[in-house]
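Just below is one structure, and these are the notes that go with it.
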């Protein structure tokens with residue numbers, strides 16, 4: 001179980017991430033630059049005394065995850081876009097991870113968006129210590145199938161530990177038969193993804209999000225300085241060049257990828273190019289009923 005001090009940090013990170021998610025969703029609009037929304041979301045998180053648990057993901061339509069704009073990205077939201085805003089705040093390693101979906105200027109995909117939201121909220125009604133993982137997946141899948149959609153089966157929720165965003169337990173969005181149970185003291189992110197496509201994602205091209213893969217002494221002093229900066233600023237969390245307060249960060253990130261020091265995350269694209277919606281909360285498994293740390 002977490003101490004009161006640790007729980008306080010977890011709750012703070014959750015509250016900040018929740019407000020940042022809401023801000024990001026409210027800023028989405030036709031003609032608005034993705035870059036501006038990402039910067040506002042991350043700026044808000046930092047202004048509240050938290051670090052970034054990962055770059056603000058702004059994944060549109062068939063892209064389910066891992067898109068974040070680069071420094072020079074001129075892309076804007078278009079009418080009819082289904083936009084996932086996924087953001088995370090951290091305080092001394094304790095994380096709030098949360099996501100929501102909005103549609104730009106139309107209501108064509110309202111039922112798809114509601115399907116992932118209803119699935120998440122249904123799980124929130126019963127999840128807690130002793131809940132079987134397969135029961136979470138069963139509830140998510142049933143909600144989506146009833147609404148005429150499919151869960152994305154190769155995307156899942158995850159346990160979170162200090163400074164470790166994807167730790168230990170995975171929580172699929174379908175009944176995978178896993179009878180292991182959640183244990184008091186765990187922190188988990190539950191994130192149903194709904195689609196009108198096939199129900200799986202495939203790796204697309206490399207995106208702008210990276211993580212430290214390994215330590216390596218670099219011959220270029222500036223590259224080494226940047227690497228030390230990134231370790232100090234982001235610890236073991238994913239990051240992107242846009243989020244770095246360091247000269248020529250984009251150049252240094254590309255260089256460190258070439259040297260095998262950083263690894264980039266591929267964009268995750270629905271296999272049949274179906275539309276995707278996502279809703280996510282972070283839960284502290286304290287007792288028979290978990291505490292949702294990322295509520296508005």
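Residue numbers (the working numbering): 1 to 296.
By construction, the Cβ of each residue, glycine as well, lies at the ideal position given by its N, Cα and C atoms.
Given the structure is predicted, the values throughout are model-derived calculations rather than measurements.
Residue burial classification, residue i (beta-carbon count within 10 angstroms, cutoff 16)
i	result
residue 270	buried
residue 151	buried
residue 1	exposed
residue 36	exposed
residue 253	buried
residue 298	No answer is possible for residue 298: the residues shown for the chain start at 1 and end at 296.
residue 221	exposed
residue 296	exposed
residue 14	buried
residue 238	buried
residue 3	exposed
Check whether residue i and residue j have beta carbons under 7 Å apart
i	j	result
residue 138	residue 279	no
residue 180	residue 212	no
residue 208	residue 70	yes
residue 63	residue 34	no
residue 200	residue 276	no
residue 87	residue 50	no
residue 241	residue 249	yes
residue 182	residue 122	no
residue 11	residue 293	yes
residue 268	residue 38	no
Contacting residues, own chain, Cβ-Cβ under 6 Å from residue i (five flanking each side not counted)
i	result
residue 9	91, 92 and 94
residue 198	271 and 272
residue 163	93, 235 and 236
residue 218	224
residue 216	261
residue 203	266
residue 256	262
Residue i versus residue j - alpha carbon distance
i	j	result
residue 290	residue 156	18 Å
residue 25	residue 113	13 Å
residue 259	residue 205	19 Å
residue 72	residue 264	18 Å
residue 99	residue 281	7 Å
residue 125	residue 154	24 Å
residue 52	residue 148	36 Å
residue 158	residue 140	15 Å
residue 60	residue 83	5 Å
residue 103	residue 274	15 Å
residue 135	residue 170	13 Å
residue 175	residue 226	44 Å
residue 67	residue 108	23 Å
residue 54	residue 178	28 Å
residue 214	residue 143	41 Å
residue 245	residue 210	16 Å
residue 312	residue 233	No answer is possible for residue 312: it lies beyond the span of the chain, which begins at 1 and ends at 296.
residue 247	residue 111	44 Å
residue 101	residue 251	32 Å
residue 7	residue 85	25 Å
residue 105	residue 81	8 Å
residue 228	residue 89	21 Å
residue 127	residue 5	24 Å
Same chain, Cβ closer than 8 Å to residue i, five either side skipped, listed in chain order
i	result
residue 184	1, 129, 285, 286 and 287
residue 160	95, 97, 166, 167, 187, 188, 189 and 282
7 Å CB neighbourhood of residue i in its chain, flanking five on each side removed
i	result
residue 173	137, 140, 141, 151, 152, 153, 155, 156, 192 and 193
residue 23	40, 41 and 44
residue 48	16
Given 8 Å, three or more beta-carbon pairs between the segment 36 to 56 and the segment 7 to 21: Yes, they touch.
Segment contact, 8 Å Cβ cut-off, at least three pairs: the segment 69 to 81 with the segment 27 to 39: With a cut-off of 8 Å, the segment 27 to 39 and the segment 69 to 81 count as touching, because enough Cβ pairs lie within range.
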